[in-house]
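Visitor: Following this note's numbering, the numbering of the sequence shown begins with 4 at its first residue and continues without gaps. Glycine residues also receive a C-beta, built at the ideal position from the N, C-alpha and C atoms. The structure under discussion is supplied below as structure tokens; questions concerning it will follow.
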Amino acid sequence: MKKLVLSMILGSAFMVSCGPKSTAVTGPKFTTAEHLAQGKTVFENSCNRCHALPNPEKHDDQGWIKTLSRMAPKAKLNDEQHQMVYDYLISVNKK
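Quick look at the structure:
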């Protein structure tokens, strides 16, 4: 019985770790006011569907890369949208 439970736990952990992750963002790319405004719009419309919008100051630049790498696939963001959201968040982040 213990082996069965352990196998199920390990199997679940393996499946979660193999979930989709996006690595589109490695740093800032878009800096024009137009792209930042589009990033804000995508952030507000996509992220707000599932949860309250986080404060941009919640993470530093590297923290947002990690968070968005996890969340962008769930929000079904393409690479350009992912980048624009990241750039918007770091543009208003004071960290």
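Mind checking residue 56: buried by the 16 CB within 10 Å criterion, or exposed?
Guide: The residue in question, residue 56, is exposed, as its Cβ has fewer than 16 Cβ neighbours within 10 Å.
Visitor: Please determine whether the Cβ atom of residue 38 lies at a distance below 7 Å from any heavy atom of the ligand COA.
Guide: In the structure on display, the ligand COA does not appear, and there are no ligands present to speak of.
Visitor: For residue 42, is the classification buried or exposed, using 16 other Cβ atoms within 10 angstroms of its Cβ as the cut-off for buried?
Guide: Buried, since its Cβ has 16 or more Cβ neighbours within 10 Å.
Visitor: Return yes when the Cβ of residue 33 is within less than 8 Å of the Cβ of residue 88, no when it is not.
Guide: No, the Cβ-Cβ distance between residue 88 and residue 33 is not below 8 Å.
Visitor: Would you call the CB atoms of residue 59 and residue 92 closer than 8 Å?
Guide: In contact: residue 59 and residue 92 (Cβ atoms closer than 8 Å).
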